[in-house]
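For what it's worth, our numbering labels the leading residue of the sequence shown as 1, then goes sequentially. C-beta: ideal position from N, C-alpha, C; glycine also. Given the structure is predicted, the values throughout are model-derived calculations rather than measurements.
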Amino acid sequence: SGPDILLNEDVVIASPNYRVGSFGFLSLENEEVPGNAGLKDQTLALKWVRDNIDSFGGDPNNITIFGISAGGASVAYHLISPSSRGLFNKAIIQSGFALNPWTLQENPRTHGLMLSKKLGCMSEDPEEVVRILQSAPADDIVRAARELITNMDLMTRFSLVFGPSVEIAGPDAFLTDSPENI
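Below you can see the structure in the form of structure tokens.
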């Protein structure tokens with residue numbers, strides 16, 4: 001079961017990791033902290049696979065991406081992002097999609113400011129917020145993000161605190177409009 005069934009087939013499997021939570025999806029809706037680092041990690045992994053898969057017996061012109069639940073939403077985001085064009089040829093989405101309301105973060109800047117406040121930053125100045133976030137130990141960021149998520153009663157709102165978000169347009173932007181508009 002699982003990927004083991006493919007071991008006797010002519011298939012190469014790559015399963016990359018990427019940043020999640022506040023480390024992968026913190027956004028201050030500005031150029032310095034635009035958001036979607038986790039999706040950009042996935043894009044870099046797709047570039048690596050495309051550029052190196054032939055060394056492992058794979059075909060760079062026959063790459064299929066696959067995801068379940070949040071992974072399925074990631075696959076859908078790659079289908080609509082210009083950053084991912086030409087990096088894969090097929091996609092399989094299972095039980096998650098970019099149009100699901102839980103896949104797009106609402107108010108990402110507000111969540112970023114709330115996180116920085118939990119870390120002791122009382123300013124909304126982007127430079128000060130970034131300074132605090134960059135100087136905070138990773139464990140403190142994880143703890144503060146966990147408290148933030150717990151305090152926001154997500155079961156009734158059913159939205160993400162740290163997830164994909166619409167970015168300001170720019171050369172490195174992954175998502176510049178909502179999935180509904182794309």
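Asked: Straight-line Cα distance separating E9 from G35; Found: 38 angstroms
Asked: Contacting residues, own chain, Cβ-Cβ under 6 angstroms from K90 (five flanking each side not counted); Found: T64
Asked: Bounding residues of the alpha helix (DSSP H) (the contiguous stretch that carries I53); Found: Element bounds for I53: n/a, residue is neither H nor E.
Asked: G96 to R85 span [Cα, whole Å]; Found: 20 angstroms
Asked: Proximity below 8 angstroms, CB of T176 to CB of V161; Found: no
Asked: One or two residues paired with T43 in a DSSP bridge; Found: Partner(s): none; T43 has no beta bridge.
Asked: C-alpha gap between C121 and G21, whole angstroms; Found: 20 angstroms
Asked: Pick from A145, H78, D51, Q105 that is closest to N61, judged by C-alpha positions; Found: D51
Asked: L115 and A138 closer than 8 angstroms at C-beta; Found: no
Asked: Outcome for N17 when other beta-carbon atoms lying within 10 angstroms are tallied against a minimum of 16; Found: exposed
Asked: Simplified DSSP state of G67, which is helix, strand or coil; Found: strand
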